[in-house]
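S.K.: Supplied in structure tokens, the structure appears directly below.
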Amino acid sequence: MHLTKYLISFIKKYKIRYIACIIGFSMALGAIFATTSYSEMLNSSMNRLYFVKDDNFMILSKGTSIIQIIPYDSKVTENVSHTLDEIPGVNFAFPLIFKNFGNETQINYFKTTILGIKFTFLIDYYLKDVELKEGKWPEEGKNETIIGPDAGGGTLNVNDSITILNKQYKITGILESDSVFLDRFVYVEYEDIQELYGMDGFCSVYYVIGDAQIFSDSNQFNLVKAEIETEHPYVEVIGSELLDEAAGNIFKVFDALQVILAIFPLAISVIFIFILMMLNVKDQMREFGMLQAIGMSSSRIGLIIFLQTLLITILGYILSIFTGLMFLSYSFYLMDEYTTRSTNGWNYALSMKNKIPSYLYLQIFIGAILIGILVAIYPSIKATRVSIVKSFRKEE
Numbered sequence: 001m002h003l004t005k006y007l008i009s010f011i012k013k014y015k016i017r018y019i020a021c022i023i024g025f026s027m028a029l030g031a032i033f034a035t036t037s038y039s040e041m042l043n044s045s046m047n048r049l050y051f052v053k054d055d056n057f058m059i060l061s062k063g064t065s066i067i068q069i070i071p072y073d074s075k076v077t078e079n080v081s082h083t084l085d086e087i088p089g090v091n092f093a094f095p096l097i098f099k100n101f102g103n104e105t106q107i108n109y110f111k112t113t114i115l116g117i118k119f120t121f122l123i124d125y126y127l128k129d130v131e132l133k134e135g136k137w138p139e140e141g142k143n144e145t146i147i148g149p150d151a152g153g154g155t156l157n158v159n160d161s162i163t164i165l166n167k168q169y170k171i172t173g174i175l176e177s178d179s180v181f182l183d184r185f186v187y188v189e190y191e192d193i194q195e196l197y198g199m200d201g202f203c204s205v206y207y208v209i210g211d212a213q214i215f216s217d218s219n220q221f222n223l224v225k226a227e228i229e230t231e232h233p234y235v236e237v238i239g240s241e242l243l244d245e246a247a248g249n250i251f252k253v254f255d256a257l258q259v260i261l262a263i264f265p266l267a268i269s270v271i272f273i274f275i276l277m278m279l280n281v282k283d284q285m286r287e288f289g290m291l292q293a294i295g296m297s298s299s300r301i302g303l304i305i306f307l308q309t310l311l312i313t314i315l316g317y318i319l320s321i322f323t324g325l326m327f328l329s330y331s332f333y334l335m336d337e338y339t340t341r342s343t344n345g346w347n348y349a350l351s352m353k354n355k356i357p358s359y360l361y362l363q364i365f366i367g368a369i370l371i372g373i374l375v376a377i378y379p380s381i382k383a384t385r386v387s388i389v390k391s392f393r394k395e396e
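Residue numbers (UniProt numbering): 1 to 396.
This is how it looks when you write it as structure tokens:
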């Protein structure tokens, strides 16, 4: 009881210091929280990242066995699909069209990719792994094309028309997603999109989904590669291992940059908390001496400093949930031209909260506690060694 009373009195006396440290720590820890959440959401939502040519890339379900066929001169003919269908072990092959965005904002890549894929395979490979929610579907069994929501700009609905290269396309279905990266997709007729294969600024490819054995077995893969490239000399077949390696290296660099950017302000914040506690030990020497004089043990005095430090980190953690959420939400709010800017910023931030994995909250909390313990050790020991005689001396 007395310990709590003294702890509260010391905090009230130096409340400005504590508030400054709590805010600083929460901002730094919030940056860690935001970047970690972004990385986890990236891993769970985007799955694989495959570079095709220059600045173009695509997203594919995690764990899918694929090979990639890159055409020369941006030409893919129906004959490639027929050849693939005759290869044992191939389940499905679908064409992709990538727009060459050059130096434009990279966030738009996710929403302007045009994908031709059969409806049943969309459910099998995307609804399961990417957690897409079912909206109003087109007639089952149709071949469809997915187009990002900014293809025509604004809000899109079923039966609306969108314009691609001055041609009108009717939306036959909409798919809603919890993924912050995949967001919202619409369907148009697959046959209509065939005319777009030859358009300028686009690179079209085929992705092949099949049994893992035909792609993991190098001999089998080389046979498939040779067969396709011999019959179709204008294409190049690439295995998924090289693509996985490239994507893995990119994620490693990205994660390293996140850690550096987030830990630097956190380290500065921790140093300031340490300096604060050392100043508190010095400024509270007289109070500590009085407590010793009335019978309080030195270990309990050290515990007061320890609890002060721990309280700063715990309150900083609680506040960091809000600061981290705002950092994360505001980043997406700025990048997304069509979805978030048309909604209330605070409501969007609250919706982002449900997308953050729950275990991250526990991990960040444990990290905050460990930081508090480590920072508190030396100041607490210093407080236990305060001399009653020295504490009552008048200091300059």
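Each residue gets a CB set at the ideal place from its N, CA and C atoms; glycine is no exception.
Alpha carbon to alpha carbon, how far is Gly324 from Leu315? Give it in angstroms, no decimals.
M.R.: 14 Å
S.K.: Taking Glu219 as part of the alpha helix (DSSP H), name the residues at either end of that continuous run.
M.R.: This sequence places Asn at residue 219; Glu is not what is there. That run of the alpha helix (DSSP H) goes 218 to 231.
S.K.: Which one of Phe274, Ala31, Tyr38, Met285 has the shortest CA to CA distance from Arg385?
M.R.: Met285
S.K.: Return the residue from the list Ala368, Pro357, Tyr378 that minimises the CA-CA distance to Ile275.
M.R.: Tyr378
S.K.: Over the uninterrupted alpha helix (DSSP H) stretch that includes Ser297, give me the two end residues.
M.R.: From DSSP, Ser297 is part of no alpha helix (DSSP H); its letter is neither H nor E.
S.K.: Roughly how far, in whole angstroms, is the beta-carbon of Ile263 from the beta-carbon of Ala383, given that I think they are within contact range, below 8 Å?
M.R.: Not really, about 28 Å apart at Cβ, beyond 8 Å.
S.K.: Our contact map puts Ala28 next to Leu328 with C-beta atoms below 8 Å; I'd like the distance itself, whole angstroms only.
M.R.: No, Ala28 and Leu328 are not in contact; Cβ-Cβ is about 15 Å, not under 8 Å.
S.K.: Can you have a look at Asn280 and say buried or exposed, based on whether 16 or more other CB atoms are within 10 angstroms of its CB?
M.R.: buried
S.K.: Figure out for me which residue from Ser297, Arg17, Gln308 has the closest Cα to the Cα of Gly372.
M.R.: Gln308
S.K.: Between the alpha carbons of Phe365 and Met326, how many angstroms are there, rounded?
M.R.: 18 Å
S.K.: Applying the criterion that 16 or more other CB atoms from any shown protein chain within 10 Å of the CB defines a buried residue, is Ile312 buried or exposed?
M.R.: Burial call: buried.
S.K.: Take Ser380 and list the residues in its own chain whose beta-carbon comes closer than 6 Å to its own, dropping the five residues that flank it on each side.
M.R.: Gly302, Ile305, Phe306
S.K.: Quick check on Ile19: does DSSP put it in helix, strand or coil?
M.R.: In this structure, Ile19 counts as helix in the three-state DSSP scheme.
S.K.: Below 8 Å on the Cβ atoms is my contact criterion, and I expect Pro265 with Ala31 to pass it. Report the Cβ-Cβ distance as a whole number of Å.
M.R.: 6 Å
S.K.: Pro357 lies in the alpha helix (DSSP H); which residues open and close that run?
M.R.: No alpha helix (DSSP H) contains Pro357, which DSSP labels as neither H nor E.
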